[in-house]
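Asker: I'd like to ask some things about the structure below.
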Amino acid sequence: MKGISTFFRMVILFFILLPFSSFAQQKDTIPAATTTFKFKTVIIDAGHGGKDAGARGSHSFEKNVTLSIALKLKAAMDTAITDVKSILTRADDTFIPLNQRSAIANQNHGNLFISIHCNSSPEGTAARAHKQKGVLLLVYGFHRLKEQEEAVRENSSIFQEKDYKQNYESYDESDPSNLIILNAYIQKYRKQSIRFGDLLDDEFTGVDGRESNGVKEQGVLVLAHSAMPAVLIETGFINNPEEEEYLNSDEGQHEIVMSIIRALRNYRKAIGA
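Quick note on numbering: the sequence shown equals residues -24 to -1, 1 to 249 in mature numbering (1 follows the signal peptide of the UniProt record, and there is no 0).
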């Protein structure tokens, strides 16, 4: 019975996702001037929240830093990019399950998902402990789920959820139906996600003078479940005292927000929207 169920899921998903594949192929052949695509909605996701504090610094929690940056980003978008709607997945210190964050994005027909986070380095030798710094941009990489510590750390939020086993039981990289979903994601959204990640990286390093750990593909669930280009921004290492001060300061948060705004403008130009 399980094999039959999987077969029917594959068949259903094939016909559901076939138009996405066709669209991706057609879009590459249609001149930009004739496309009807409108870049209307950006989803801003403040990582963690409520009972899920996220990473910890010497005097601050990731959940508070990410919320502050997300609120500032929405305010900046409402002022600087008025023809694009911005929607927050949370606007206060509330715990929002990962699949609900993605559902908010999908139900609002988002065109881009931006998830704000803070990084944290593992304890090392006395000379290196808490010295790592810089931004990191993550896009979804399905096959690397079990290999990357950043993905494991970000996905650990699901264990705060009461019904996490039921909510995420279908997330199995050996399930053929999930491979069909992955294929659709790769065809339609992977390139756009990497493009936006690269533009963010240019702004953080070229304008703000921040160090960068690059744009990497990781198996982060909140990106996987969002049916749109998606980037998770690790804004800095909260357990590095120097970066913690920057991440909590108005100046630092303003710089981060303005880099995202510039990258958004450049991304719209790049995709002809």
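Glycine is no exception: its CB is placed at the ideal position from the N, C-alpha and C atoms.
(1) Taking 8 Å as the threshold (C-beta atoms), are Thr58 and Arg77 in contact?
(2) Expressed to the nearest angstrom, what Euclidean distance is found between the alpha-carbon atoms of Glu221 and Ala246?
(3) Exposed or buried, which one is Ala67 when buried takes at least 16 other CB atoms within 10 Å?
(4) So Gly25 and Asn215 are in contact, right, with Cβ under 8 Å, and what is the actual spacing, rounded?
(5) Sorted by chain position, which residues of the same chain lie with C-beta nearer than 6 Å to Leu175's C-beta, five sequence neighbours on each side aside?
(6) Along the alpha helix (DSSP H) that carries Lys50, what are the first and last residues, could you check?
(7) Alpha carbons only, please: which of Ser188, Ile20, Glu231 is nearest the one belonging to Gln108?
(8) Could you give the residue range of the beta strand (DSSP E) that holds Glu227?
(9) Can the beta-carbon of Gly88 be found less than 8 Å from the beta-carbon of Asp69?
(10) Out of Val111, Leu47, Asp54, state which residue places its alpha-carbon closest to the alpha-carbon of Lys16.
(11) Is it buried or exposed for Pro98, if we count other Cβ within 10 angstroms and need 16 for buried?
Answerer: Inspection of the coordinates gives the following:
(1) What you label residue 77 is simply residue 101 of the sequence shown in a count that begins at 1. What you label residue 58 is simply residue 82 of the sequence shown in a count that begins at 1. Cβ atoms of Arg77 and Thr58: not closer than 8 Å.
(2) On the sequence shown, position 245 is the one that residue 221 refers to. On the sequence shown, position 270 is the one that residue 246 refers to. Their Cα atoms are separated by approximately 34 Å.
(3) Position 91 of the sequence shown, counting from 1, holds the residue named residue 67. With fewer than 16 Cβ atoms within 10 Å of its Cβ, Ala67 is classed as exposed.
(4) Within the sequence shown, numbered from 1, the residue matching residue 25 stands at position 49. Within the sequence shown, numbered from 1, the residue matching residue 215 stands at position 239. Their Cβ separation, rounded to whole angstroms, is 19 Å, which puts Gly25 and Asn215 out of contact at 8 Å.
(5) Your numbering for residue 175 matches position 199 in the sequence shown. Counting only Cβ-Cβ distances below 6 Å, and skipping sequence neighbours, we find Ala239, Asn242, Tyr243.
(6) The residue you call residue 50 lines up with position 74 of the sequence shown. Lys50 -> alpha helix (DSSP H) spans 38 to 56.
(7) The residue you call residue 108 lines up with position 132 of the sequence shown. Of the candidates Ser188, Ile20, Glu231, the one whose C-alpha sits nearest the C-alpha of Gln108 is Ser188.
(8) The residue given as residue 227 occupies position 251 in the sequence shown. Where Glu227 is concerned, there is no enclosing beta strand (DSSP E), although the alpha helix (DSSP H) it sits in stretches over 226 to 246.
(9) Numbered from 1 along the sequence shown, position 112 holds the residue referred to as residue 88. Numbered from 1 along the sequence shown, position 93 holds the residue referred to as residue 69. Residue identity check: residue 88 is Leu in the sequence provided, not Gly. Contact flag unset, no.
(10) Indexing the sequence shown from 1 puts residue 16 at position 40. Checked all of Val111, Leu47, Asp54; the closest Cα to Lys16 is Asp54.
(11) Mapped onto the sequence shown, residue 98 falls at position 122. Pro98 should be labelled exposed.
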